[in-house]
Amino acid sequence: MSATSDYRGLMHGVIPYATVDGADRAIEFYRRAFGAVLHGDITRSDDGRVLNAAIEIDNGMFMLMDPFPEHGSQPSTGSNFVLQLVISDGDLWWNRAVAAGCAVVSPFKLEFWGDRYGRVRDPFGLEWAFNEPALEKQQRL
-5 MSATSDYRGL MHGVIPYATV DGADRAIEFY RRAFGAVLHG DITRSDDGRV
45 LNAAIEIDNG MFMLMDPFPE HGSQPSTGSN FVLQLVISDG DLWWNRAVAA
95 GCAVVSPFKL EFWGDRYGRV RDPFGLEWAF NEPALEKQQR L
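Written out as structure tokens, the structure is:
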């Protein structure tokens, strides 16, 4: 991940946009757990809630906002979807996330399809999958 990545270059394709209760705390947590980098300014409502924050995790964009129940916006939960990180150094990513406070959902281990895989839940209720492709797959990526 690079703090100098071109923001416009990241703004394409499918970008997860999660509603979390405590977006400011989530941004700080994602910095510790996933090495996230904030891009641009955080847009706030008149009462200080986060309307929009863009962070980069491993060269991918992730957007966050606080709940706005008065407009129908409720917190996202990991039971609705899983965010998957495809990484080449699974131990580094896994250990950092768990040390930062993610709860293990399924341990990071070698799976029957040949990749190392595991899932965690962050303190904001989102689930993250770590997928380290088998070496022969990494060479094709």
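If you use this note's numbering, the sequence shown corresponds to residues -5 to 135, in order. All C-beta atoms, glycine included, are put in the ideal place defined by N, C-alpha and C.
State the CB to CB distance for the pair residue i and residue j, rounded to an integer number of angstroms; the pair is presumed to be in contact (CB under 8 Å).
i          : j          : result
residue 17 : residue 58 : 5 Å
Along the chain, where does the beta strand (DSSP E) that runs through residue i open and close?
i           : result
residue 114 : 110 to 115
residue 35  : 31 to 38
residue 59  : 54 to 59
residue 98  : 97 to 104
Excluding the five sequence neighbours on either side, which residues of its own chain have a C-beta within less than 7 Å of the C-beta of residue i, listed in chain order?
i           : result
residue 28  : 51, 91
residue 55  : 4, 5, 9, 48
residue 140 : Outside the displayed span of the chain (-5 to 135) sits residue 140, for which this structure offers no information.
Between which two residues does the alpha helix (DSSP H) harbouring residue i extend?
i          : result
residue 86 : 84 to 94
residue 22 : 17 to 28
Skipping 5 residues on each side, what residues in its chain have a beta carbon closer than 6 Å to that of residue i?
i           : result
residue 117 : 95
residue 87  : 81, 124
residue 129 : none
Less than 8 Å between the beta carbons of residue i and residue j, yes or no?
i           : j           : result
residue 73  : residue 126 : no
residue 76  : residue 60  : no
residue 70  : residue 12  : yes
residue 113 : residue 84  : no
residue 99  : residue 64  : no
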